[in-house]
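Per this note's numbering, the sequence shown starts with residue 147, numbered consecutively.
Note that beta-carbon positions come from the ideal geometry of N, C-alpha and C, so glycine has one too.
None of the values given here were measured: they were computed from a predicted structure.
Accompanying notes for the structure given below.
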Amino acid sequence: MKDFWRLPLAELTERAREAVQAVHGNTVTYVVNRNANFTRVCQVGCAFCGFGRRPGTVGATSDTIDQVVARVAKTPWVTEVCLQGGIDPNLSPDYYFDLVRALRSAFPRVHLHAFSPMEIDSLCEKAGQEPEEMVVRLRAAGVGSIPGTAAEVLVNRVRRKISRNKLPAERWIRVVRAAHLAGLRSSATIMFGHVETWDDIRAHFEVLRRIQGETGGFTEFVPLAFVPYENRLGKMLAQRHGGMARLEMRIRRRARRLYPLARLSLGDLIPNLQTSWVKLGVEGAAESLDWGCNDFGGTLYEESITRSSGGRHGERLEPEAIEAAIRRAGRIPRRRTTLYGVVKNPFSLGKKSCQPSPEGHFAL
Ligand code: SF4
């Protein structure tokens with residue numbers, strides 16, 4: 147990769163701003179979506195996670211399919227539902243497929259963005275199938291794309307320190323590659339601001355470039371700042387770095403440099419760089435539009451994973467609030483579909499009128 151890695155921050159940011167302007171102009175997109183986190187039961191025990199609950203412990207509950215459908219029915223205007231949960235050893239593969247089919251049947255026009263590579267890996271293990279077969283089955287059941295979460299940092303030395311029971315980097319790559327080749331696009335993520343070095347971040351970017359060069363399946367890159375307040379890793383790092391306030395500052399400094407580096411390192415292959423109001427706050431996310439981002443993420447309506455780690459920026463953001471933040475940053479908001487298509491009647495935010503045409507699957 148090129149030598150912009152060593153540029154002073156002001157120059158790096160300017161280069162990223164020019165790069166994003168050249169591709170996207172002043173337009174900043176966002177999606178009207180909701181999360182549905184269907185189980186908090188998780189046997190994996192990642193040190194950075196405040197959401198998962200060990201089986202049999204307080205709060206270790208899974209929703210019935212009817213409960214998930216009823217929650218989604220509270221926001222019938224969304225164009226995407228993102229399904230993710232813990233790794234519950236007692237949820238059978240049938241549960242996942244029945245959940246997808248039930249949502250498909252109740253909300254036929256909604257795009258299902260479902261199941262992280264970690265969840266798909268666990269489904270493979272439970273069903274005795276290879277990732278290449280499992281992603282084809284998921285697509286046939288009605289999944290439209292998959293979240294590229296559980297990537298953390300795709301360097302096994304780092305993964306062993308922060309989530310030693312998680313799928314290894316090679317397995318994440320295999321699942322994502324299989325999904326892309328089966329016609330399911332995915333996001334790409336990184337979780338930063340903990341024990342990783344800049345070399346690890348660089349290695350992570352190189353892995354993403356290799357996959358994208360082969361499949362073209364990533365829709366966007368989403369950097370996720372580590373939220374340190376209510377988890378083991380945060381407490382340990384706060385001690386190491388002289389307190390929570392100093393750790394927060396360290397994460398913020400890392401974010402400030404990582405976004406422009408992501409724009410310059412990946413933008414030629416993955417043109418969409420998504421900020422995160424959940425991690426940075428609304429004003430922080432608006433500020434990051436000057437660091438190379440061109441997408442504001444989504445409305446979410448049910449953000450519980452970051453809040454469980456002590457995230458302080460709420461669980462939902464209405465489209466009007468997202469558009470106002472984008473305008474305050476001097477940009478032009480535009481609603482999009484999950485796969486960055488155009489939404490019909492984008493500014494008629496009368497909520498009942500926000501259903502776009504169904505999206506086709508990604509064809510290679
Ligand atoms: S991050 Fe996911 S896999 Fe890890 S403990 Fe939390 S819910 Fe489980």
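- Message: Closer than 8 Å is the cut-off here; do at least three beta carbon pairs connect the segment 164-171 with the segment 215-224?
- Response: no
- Query: Does any heavy atom of the ligand SF4 sit closer than 7 Å to the C-beta of V190?
  - Reply: yes
- May I ask which residues mark the beginning and end of the beta strand (DSSP E) holding S455? No beta strand (DSSP E) contains S455, which DSSP labels as neither H nor E.
- Relative to the alpha-carbon of T361, which residue among V321, M337, D346 and L370 has its alpha-carbon at the smallest distance? V321
- Message: Using a Cβ-based criterion (distance less than 7 Å to any ligand heavy atom), does C195 qualify as near the ligand SF4?
- Response: yes
- Is K425 near the ligand SF4, judged by its Cβ being under 7 Å from some heavy atom? no
- Message: For S434, tell me which candidate among E448, L393, R458 and V368 has the shortest Cα-Cα distance.
- Response: V368
- Going by C-alpha distance, which of A401, L379, R356 and L446 is nearest D414? R356
- Task: Hey, could you find the ends of the alpha helix (DSSP H) E394 is sitting in?
- Result: M390 to L412
- Task: Identify, in the order they occur along the chain, each residue of the same chain with its Cβ nearer than 8 Å to the Cβ of P417, setting aside the five sequence neighbours on each side.
- Result: V169, H170 and N440
- Taking just the CA atoms, how far does S454 sit from L237? 22 Å
- How about H387 and F194: are their beta carbons less than 8 Å apart? no
- G198: beta carbon under 7 Å from a heavy atom of the ligand SF4? yes
- Task: Please report the residue range of the alpha helix (DSSP H) in which C439 lies.
- Result: Neither: C439 is in no alpha helix (DSSP H) and is coded neither H nor E.
- Evaluate L220 with the Cβ neighbour count: other Cβ atoms within 10 Å of its Cβ, from every protein chain shown; 16 or more gives buried, anything less gives exposed. According to the sequence shown, residue 220 is Lys rather than Leu. By the neighbour-count rule (16 or more Cβ atoms within 10 Å), K220 is not buried but exposed.
- Message: Using a Cβ distance threshold of 8 Å, determine whether the segment 444-464 contacts the segment 420-432, with at least three qualifying pairs required.
- Response: yes
- Item | Cβ pair Y405, L393 closer than 8 Å | no
- Query: How would you call V204, buried or exposed, if buried means at least 16 neighbouring beta carbons within 10 angstroms?
  - Reply: exposed
- Item | First through last residue of the beta strand (DSSP E) which encompasses E366 | F364 to A371
- Query: Name the DSSP bridge partner or partners of N179?
  - Reply: E226
- Report the partner residues of F338 according to the DSSP bridge assignment. A371
- So what does A260 bridge to, in DSSP terms? L229
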